[in-house]
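Worksheet for the structure shown next.
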Amino acid sequence: MEYRKWKKIPIETSLLGFGSMRLKTVNGKIDEELGFKLVDQAYNNGINYFDMAMPYIDGQNESFMGRALKRYKRDTFYIATKLSLWMFNTKEEIEQVIDKQLKNLQTDYIDCYIMHALNKEKFEKIKRLGVMDIVESWRKQGKIKYIGFSFHDEYDVYKEILDFYDWDFCQLQLNYMDQDSQQGIKGYHDAFNKGIPVIVMEPVKGGDLANFNDKVSSIFYDYNKHASLSSWAFRWVGSLEGVKLILSGMNTIEQLKDNLNTFNNFKSLNNKEHDLISKVRAELKNIVEVGCTRCEYCLPCPYGVNIPGNFKIFNSYAMYKNEGSAKFQFKELKDNKADASICVSCGECLSKCPQSIQIPTQLARMLEELRFLK
Ligand code: SF4
Ligand code: SF4
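Numbering (the working numbering), first residue to last: 137 to 510.
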């Protein structure tokens, strides 16, 4: 197992971290037998960082992980959990949460405490409710050791958050296809230049980078028929010096074994392998249904259709064939009455699109070709 020292803070973690948000459930309850088996095999194979959060798996996550981990000597692994600010409205509610989390986790302290999924709105809440003073007081009491944040918003918000506090670490969504979205690779470099250790989440883009059509996957398999597609995604992020930990939400033994295989003999990518990744990235970007650049010149649609949002789903599905992800994103549009089915073909958007996309025709084609969305 590859281990990395975080430098800014005195901890050393396995490069592969155990993300527990995707543990399988049976009839709404965590499959405990499988969950214990996964935690045991992870721990026994050298994984020493376990990531969780209070709201994961309908609130069952922390207490399950607490039971699973209490069977091991506390100073042989690191626990990370989060302050999920959307669950609380007042300072008083926040002040009480840490004791509940320690109880859930059956421990006296949490190693890495994360301000969860920060965006503009949650960042404002942190400032408004004086949240950093609260977590600082927990640190003084020995209840938490290190303070970081995870992030989901645009680069400008990221930069503001990064410079707001002397963070011990940050947790970013990064993979070889998402170098320009959210904080992107630019945000990684900002953290690296400040000496802030980076944890990567979604290294395989929620599974998208583990499943390609034959043409794309053969680019990797022709080079090494034994390396799994996901191993390339892990090695891409692991090749970045500032990345100290890569989280993977492992929920099958096969997935854990494949990941261990990658991280037990971890090798950074060489130049030739970086070129292969660039080739795959270019191929994937070519497989788009609609050449929408998401410039948003066509908005607002008088009927409320989120035109680029719909085309994003169409294009992502063409690239990754991930039906679950397409359904999930389409439901969000539907809930906001912004999905393609709202379009009445009024044609008002047509002249606004610099790419000359036949918007109503393409929206209708999307609904026809992705019938599973209806
Ligand atoms: S054609 Fe459809 S998407 Fe375009 S403005 Fe009209 S309703 Fe909106
Ligand atoms: S104007 Fe055209 S390219 Fe720009 S977001 Fe709308 S559909 Fe996409």
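A virtual CB, placed ideally from N, CA and C, is assigned to each residue, including glycine. All of these numbers come straight from a predicted model, not from anything done at the bench.
| Check | Outcome |
| --- | --- |
| Count the other CB atoms, across all protein chains shown, that sit within 10 Å of the CB of Phe464; report buried if there are 16 or more and exposed otherwise. | exposed |
| Are there three or more Cβ pairs, one per stretch, closer than 8 Å when the region 355 to 367 is compared with the region 471 to 487? | no |
| Any heavy atom of ligand 2 inside 8 Å of the beta-carbon of Thr497? | no |
| Would the region 186 to 200 and the region 211 to 223 be scored as touching if the rule is three or more Cβ pairs under 8 Å? | yes |
| Can you tell which of Tyr245, Val162, Asn184, Phe259 has its C-alpha closest to the C-alpha of Ile147? | Asn184 |
| Tell me which residue opens and which closes the alpha helix (DSSP H) that Ser150 is part of. | No alpha helix (DSSP H) holds Ser150; the beta strand (DSSP E) holding it covers 148 to 150. |
| Could you tell me how far apart the beta carbons of Ala462 and Glu425 are, in whole angstroms, since I believe they sit closer than 8 Å? | Between Glu425 and Ala462 the Cβ distance is about 12 Å, and since that is not below 8 Å, they are no contact. |
| Which residue from Tyr282, Tyr301, Lys209, Lys256 puts its Cα closest to that of Gln319? | Lys256 |
| Any chance you could list the alpha helix (DSSP H) runs of at least 4 consecutive residues sitting entirely within the region 334 to 383, in chain order? | 350 to 357, 365 to 374 |
| Does ligand 2 have a heavy atom nearer than 8 Å to the CB of Leu405? | no |
| Flag Pro490 as yes when its Cβ comes closer than 8 Å to any non-hydrogen atom of ligand 1, and as no otherwise. | no |
| Whose CA, out of Phe259, Ser286, Leu265, lies closest to the CA of Glu229? | Leu265 |
| Would you identify the three-state DSSP class for Val162, choosing helix, strand or coil? | strand |
| Is it the case that the CB of Gly427 approaches a heavy atom of ligand 2 more closely than 8 Å? | yes |
| Is Glu231 near ligand 2, with its Cβ less than 8 Å from a heavy atom? | no |
| Compute the beta-carbon to beta-carbon distance between Leu499 and Ala474, rounded to the nearest angstrom, for a pair I have assumed lies under 8 Å. | So it is not a contact: roughly 11 Å between Cβ atoms. |
| Distance, Cα to Cα, Asn442 vs Pro496? | 12 Å |
| Give me the DSSP bridge partner(s) of Ala500. | According to DSSP, which records beta bridges pairwise, Ala500 is partnered with nothing at all. |
| Per DSSP, what kind of secondary structure is Lys236 in: helix, strand or coil? | helix |
| By alpha-carbon positions, which one of Tyr245, Lys227, Phe348, Phe285 ends up nearest to Asp269? | Lys227 |
| Is the beta carbon of Lys258 closer than 9 Å to that of Trp303? | no |
| Should His362 be labelled buried (16 or more other beta-carbon atoms within 10 Å of its own) or exposed? | exposed |
| If you follow the beta strand (DSSP E) that Lys281 is in, where does it begin and where does it stop? | 280 to 287 |
| Below 8 Å, is the gap between the Cβ of Ile478 and the nearest heavy atom of ligand 1? | yes |
| What do you reckon, are the CB atoms on Tyr249 and Gly182 nearer than 9 Å? | no |
| Confirm, please, whether the CB-CB distance from Gly278 to Asp316 is below 9 Å. | no |
| Taking the alpha carbon of Glu169 as the reference point, which residue from Gly427, His252, Phe200, Leu345 has its own alpha carbon closest? | Phe200 |
| For Phe305, collect the residues of the same chain with a Cβ closer than 8 Å to its Cβ; drop the 5 residues on either side in sequence, then sort them by chain order. | Trp142, Lys144, Ile145, Cys248, Tyr282, Gly284, Ile332, Pro333, Val334, Ile335, Lys380 |
| Name the residue from Met157, Met137, Leu151 whose alpha carbon lies nearest to the alpha carbon of Gly342. | Met157 |
| Is Tyr139 helix, strand or coil by DSSP? | strand |
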